[in-house]
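Student: Same order as they appear, the protein sequences are chains A and B. Using this note's numbering, the letters of the first sequence correspond one by one to residues 177 to 562. Using this note's numbering, the letters of the second sequence correspond one by one to residues 988 to 1225. The beta-carbon is built from N, C-alpha and C at its ideal position, and this holds for glycine as well. Just passing along the structure, written as structure tokens.
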Amino acid sequence: MRETTLVRRNALRNPVRMLLMVGCIAVAFLIFGVLSAVATAFRLEDQPGGHERMMVVNRNGFQQTLPIAYARDVARQPNVAVSSPVRMALVYWRQPKDIVSAVMVEPETYLDLSKDVVKVADEDRARFVATRDGLLVGRALAERYGWKRGDQVTLQSFTDLREDGSRAWRFTVAGIYTAAQPGGSELAMAGHFAYYNEALLTGRDRINWVLVQGRDLAANDAMARTIDAGYANSAAATRTQSEAALGRAFLSQIGDLMLIVRLIVGAAFVVILCVVGNTLIFMVGERTGEIGVLKTLGFSRLRVARIFAGEVALIAVAGAVAGMSVAALIVSALGTALKDVLPGMTMGASTLAMAAGLVALLILLTGILPVLQAGRVNIVEALGRK
Amino acid sequence: MNFMQRVPAVDNLIDIVDLSKSYRRGSTEVPIFDKLSLSIERGRFVALMGPSGSGKTTLLNLLAGIDRPNSGMLAVDGERIDGYSESGLTQWRANTLGFIFQFYNLMPMLTAAQNVELPLLLHRMSAKERRRRVDTALDVVGLADRARHRPRELSGGQQQRVAIARALVADPKLILADEPTGDLDRPSANAVLEILRLLADELGKTIVMVTHDPVAARAADLTLHLEKGRFVNEAVAA
Chain A
177 MRETTLVRRN ALRNPVRMLL MVGCIAVAFL IFGVLSAVAT AFRLEDQPGG
227 HERMMVVNRN GFQQTLPIAY ARDVARQPNV AVSSPVRMAL VYWRQPKDIV
277 SAVMVEPETY LDLSKDVVKV ADEDRARFVA TRDGLLVGRA LAERYGWKRG
327 DQVTLQSFTD LREDGSRAWR FTVAGIYTAA QPGGSELAMA GHFAYYNEAL
377 LTGRDRINWV LVQGRDLAAN DAMARTIDAG YANSAAATRT QSEAALGRAF
427 LSQIGDLMLI VRLIVGAAFV VILCVVGNTL IFMVGERTGE IGVLKTLGFS
477 RLRVARIFAG EVALIAVAGA VAGMSVAALI VSALGTALKD VLPGMTMGAS
527 TLAMAAGLVA LLILLTGILP VLQAGRVNIV EALGRK
Chain B
988 MNFMQRVPAV DNLIDIVDLS KSYRRGSTEV PIFDKLSLSI ERGRFVALMG
1038 PSGSGKTTLL NLLAGIDRPN SGMLAVDGER IDGYSESGLT QWRANTLGFI
1088 FQFYNLMPML TAAQNVELPL LLHRMSAKER RRRVDTALDV VGLADRARHR
1138 PRELSGGQQQ RVAIARALVA DPKLILADEP TGDLDRPSAN AVLEILRLLA
1188 DELGKTIVMV THDPVAARAA DLTLHLEKGR FVNEAVAA
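Set out below in structure tokens:
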């Protein structure tokens, strides 16, 4: 028998209580794991290329548009290597519930700027560039609707009318792309801005943003200031930021997600701390007699404390492993289900490292009082021998 | 000394000189004994009797190093323990003492063998040696076939015999027993006393047993009577 046997047997002596404590801790870690994965998915700064690519958007939000002329002006900035105008198109296929995420772009510059996001075979790229009504469709989207290269598809726009008053936009599937990174979205599509723009009844020559790749990363901030200063007094003032910064700015419109995550996780942990801490103190009180016996046998204060610390650690680690395991399963399922909306939802190394830190903190905070209490037990009083 | 080798009773194992102990209850100082002196030879089986409040348990606590005297000298095997620090006493207990409680005090989640093995966790020895000692100790108390049983699967007498094996397994010089038969029926009590007798006779252990039971006391070599913190007489077994 080793001391660890004693720790394990002690922890398991009341299986129901052990299970409840492990369950409590597991729930806290489950909440932490899932929310952290969601928050990570929202943080664009971790996405490839996100820190290099800049976006010029309307100061009032990217839902507001900019004149296409801005794209030409931006392209003339000295630090700009490549720029590409992008217009969002709110469209669906057949039924309004089949909404498709679509952008109208300048094919060549857009693909040059998106190599880290989409992977396109050379022949697909060439066909897309050469086909005026061509669409570049994500593989998953094509599979979902059974689209093949050369198919004619008619999409309905929620917002944009054609000159003939209809909402039907006809395209040809010119190419299929795949995600360049694991977990990336394959449920979007891109069409030609020129083709879309020329048929618009209203809102012609308007875009939602300009994608910009700077020549010198260090000069990006200065470039952004120059661009924004140029439009400061215009009807459509701009905000030029990295994709990551814009992503965060967008999220700030619905609240500080990380703060919300921290508050929820914090609240869960405080509750768990109280419940588990209280139970452990009760447990030590219940076993005062046994502690007295161990000390009479020659177990030192430190060794007794170590045995109880081991029990606390065992319970906390079991709860954390259980909680994070279930969270991993949920995140995996959510990641698949929300692949298009929130690509990249995974439980990363930073989340696991943070979980490990939380376990250590939990052991420390819940264990310190009971462990001290166990170490301090007076033998004579514990055995009722006064 | 080899494990369980007989040691002849030639000198004192316990020497107590002018030992005083009192407890504070509120603002009152309650004396338990004052300037108590006693010597017990090595290998003796001594019964300690006396009415409640006479100081038996306190004396046993002091001998066990789980309580401290106010003054006086307390030496076991020539080693003064009255001035030891808490960690010193802890170490001393692990090396020198075996303790048998009235209510066995076995760990309910451990088997009989694991309970017996507990004190050996405090000693550096191979797993094989540990197993050998546990097997021998359980054999001495006649419970080799109950090694894998949990305490709740054993009778009171059997549990007390496991507790004796636990007290014995680390080969201590001194075994203290606090009313070891107090919770047992007569046949079980007799079996426990026989084992204690054997530990003193065959293995040379010095045993101090607190008891209220005159029959149990008769199993000892010597019975000391404590009253109001003083020894009033002593009876040597025939």
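I'd like to check one pair, residue 1086 of chain B with residue 1062 of chain B: are the Cβ atoms closer than 8 Å?
Tutor: No. Outside cutoff.
Student: Can you pull out the residues from the segment 450-465 of chain A whose beta carbon lies closer than 9 Å to at least one beta carbon of chain B?
Tutor: 465
Student: Using only the alpha-carbon positions, how far apart do residue 296 of chain A and residue 280 of chain A sit?
Tutor: CA-to-CA, the gap between residue 296 of chain A and residue 280 of chain A works out to about 17 Å.
Student: Apart from the five residues on each side of it in sequence, which residues of its chain come closer than 7 Å, Cβ to Cβ, to residue 243 of chain A?
Tutor: Non-local C-beta neighbours of residue 243 of chain A in its own chain, meaning closer than 7 Å and more than five positions away in sequence, comprise 381, 382 and 412, ordered along the chain.
Student: Using 8 Å as the threshold, is the segment 281-296 of chain A in touch with the segment 315-322 of chain A, meaning 3 or more CB pairs across them?
Tutor: As far as the Cβ criterion goes, the segment 281-296 of chain A does not touch the segment 315-322 of chain A, which means the pair count is below three.
Student: Where does residue 1035 of chain B land, buried or exposed, given buried means 16+ other C-beta within 10 angstroms?
Tutor: buried
Student: What are the residues in the segment 1040-1059 of chain B lying within 7 Å of chain A by C-beta distance?
Tutor: 1044, 1048, 1051, 1053 and 1054
Student: Drop a sphere of 10 angstroms on the beta-carbon of residue 526 of chain A, count the other beta-carbons inside from all chains shown, and report buried for 16 or more, exposed for fewer.
Tutor: exposed
Student: For the beta strand (DSSP E) holding residue 345 of chain A, just list the boundary residues, first then last.
Tutor: 344-355
Student: Please say whether residue 212 of chain A and residue 530 of chain A have beta carbons closer to each other than 8 Å?
Tutor: yes
Student: What is the DSSP secondary structure of residue 230 of chain A, counted as helix, strand or coil?
Tutor: strand
Student: Just the Cα atoms here: how many angstroms apart are residue 1200 of chain B and residue 190 of chain A?
Tutor: 37 Å
Student: Which residue marks the beginning of the alpha helix (DSSP H) containing residue 468 of chain A, and which one marks its end?
Tutor: That run of the alpha helix (DSSP H) goes 464-473.
Student: How far does the alpha helix (DSSP H) with residue 411 of chain A in it reach, from first residue to last?
Tutor: Element bounds for residue 411 of chain A: n/a, residue is neither H nor E.
Student: As an exercise, report each continuous alpha helix (DSSP H) stretch of at least 4 residues that is fully enclosed by the segment 1174-1225 of chain B, in chain order.
Tutor: 1201-1205
Student: Run through the segment 301-328 of chain A for me and flag every whole beta strand (DSSP E) of 3 or more residues, listed as ranges in chain order.
Tutor: 310-314
Student: Taking C-beta to C-beta, are residue 1028 of chain B and residue 998 of chain B nearer than 8 Å?
Tutor: yes
Student: So if DSSP puts residue 1066 of chain B in a beta bridge, which residue, or which two residues, is it bridged to?
Tutor: B:1063
Student: For residue 190 of chain A, name the three-state secondary structure that DSSP assigns.
Tutor: coil
Student: Name the one or two DSSP bridge partners that residue 1232 of chain B has.
Tutor: The first residue shown for chain B is 988 and the last is 1225, placing residue 1232 of chain B beyond what the model contains.
Student: Count the CB pairs spanning the segment 400-420 of chain A and the segment 447-454 of chain A that are closer than 8 Å, and state whether there are at least three.
Tutor: At 8 Å Cβ cutoff, the stretches do not touch.
Student: Under 7 Å: does the beta carbon of residue 1003 of chain B sit that close to some heavy atom of the ligand SAM?
Tutor: With respect to the ligand SAM, the structure offers nothing, as it holds no ligand at all.
Student: Exposed or buried, what is residue 1183 of chain B when buried is set at 16 or more other beta-carbons lying within 10 Å of its beta-carbon?
Tutor: buried
Student: Evaluate the contact criterion for the segment 1165-1185 of chain B versus the segment 1142-1151 of chain B: three or more CB pairs, one atom per stretch, below 8 Å.
Tutor: yes
Student: What span of residues does the alpha helix (DSSP H) with residue 523 of chain A cover, start to end?
Tutor: Careful: residue 523 of chain A lies outside any alpha helix (DSSP H) and carries neither H nor E.
Student: Which residue marks the beginning of the alpha helix (DSSP H) containing residue 1103 of chain B, and which one marks its end?
Tutor: 1099-1104
Student: Take the Cβ of residue 393 of chain A as the centre, count every other Cβ of all protein chains shown within 10 Å, and call the residue buried at 16 or more, exposed below.
Tutor: It is exposed - the Cβ of residue 393 of chain A has fewer than 16 other Cβ atoms within 10 Å.
Student: So if DSSP puts residue 1165 of chain B in a beta bridge, which residue, or which two residues, is it bridged to?
Tutor: B:1197
Student: Excluding the five sequence neighbours on either side, which residues of its own chain have a C-beta within less than 6 Å of the C-beta of residue 225 of chain A, listed in chain order?
Tutor: In this prediction, residue 225 of chain A has a pLDDT of 48, which is less than 50 and means its spatial position is unreliable; nothing more can be read from the coordinates.
Student: Out of A:322, A:332, A:353 and A:208, which one is the CA nearest neighbour of residue 343 of chain A?
Tutor: A:332
Student: Any Cβ of chain A within less than 8 Å of the Cβ of residue 1074 of chain B?
Tutor: When Cβ-Cβ separations below 8 Å define contact, residue 1074 of chain B makes contact with chain A.
Student: Start and end of the alpha helix (DSSP H) containing residue 1074 of chain B?
Tutor: 1073-1083
Student: Can you list the residues of chain B that residue 196 of chain A reaches, using a CB-CB cut of under 7 Å?
Tutor: In chain order: nothing, as chain B lies at least about 18 Å away.
Student: Report, in whole angstroms, the separation of the C-beta atoms of residue 1194 of chain B and residue 1033 of chain B, which I expect to be a contact under 8 Å.
Tutor: 7 Å
Student: Determine, using beta carbons only, whether residue 1104 of chain B comes closer than 8 Å to chain A.
Tutor: yes
Student: What do you get for residue 1000 of chain B, buried or exposed, if any count of 16 or more other CB atoms within 10 angstroms of its CB means buried?
Tutor: Within a 10 Å sphere around the beta-carbon of residue 1000 of chain B sit 16 or more other beta-carbons, which makes this residue buried.
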